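J.:
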Amino acid sequence: MIDIVGKSHVFEDGAKIEVLQVKQREDGPWVHYYISMNSSLPRKLVMKYDEFMDHYKHLFGDINE
Numbered sequence: 017m018i019d020i021v022g023k024s025h026v027f028e029d030g031a032k033i034e035v036l037q038v039k040q041r042e043d044g045p046w047v048h049y050y051i052s053m054n055s056s057l058p059r060k061l062v063m064k065y066d067e068f069m070d071h072y073k074h075l076f077g078d079i080n081e
């Protein structure tokens, strides 16, 4: 598993995704992360680790498994 805690990415439109923590549950690891748009309050979201990495791995630069 890649250490992505604390990593973030800012999109061209000012939206930001930031990884808060990865928690281990009975059914595997889950990623807790914030999504924010410009000056709006961030929304906290949760997604399974594998699904998160399938969607967002390319945003966090050169990370190796």
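Position in the sequence shown (from 1) plus 16 gives the number in the numbering used here. C-beta atoms are modelled at their ideal positions from N, C-alpha and C, and glycine is treated no differently. Note that this is a predicted model, so its numbers are computed, not measured.
(1) When the Cα of Ala31 is compared with those of Arg59, Ile51, Glu67 and Lys60, which residue comes out closest?
(2) In terms of residues, what are the limits of the beta strand (DSSP E) holding Met63?
(3) Do you know offhand how far Glu34's Cα is from Pro45's?
(4) Looking at the structure shown, is Glu67 part of a helix, part of a strand, or coil, going by DSSP?
(5) Leu61 and His25: beta carbons closer than 7 angstroms?
T.: This is what the structure gives:
(1) Closest by alpha carbon: Ile51.
(2) For Met63, the enclosing beta strand (DSSP E) stretches over residues Arg59 to Lys64.
(3) In a straight line, the C-alpha of Glu34 is about 17 angstroms away from that of Pro45.
(4) If DSSP states are grouped into helix, strand and coil, Glu67 belongs with the helices.
(5) Taking 7 angstroms as the cut-off, the Cβ atoms of Leu61 and His25 do not count as close.
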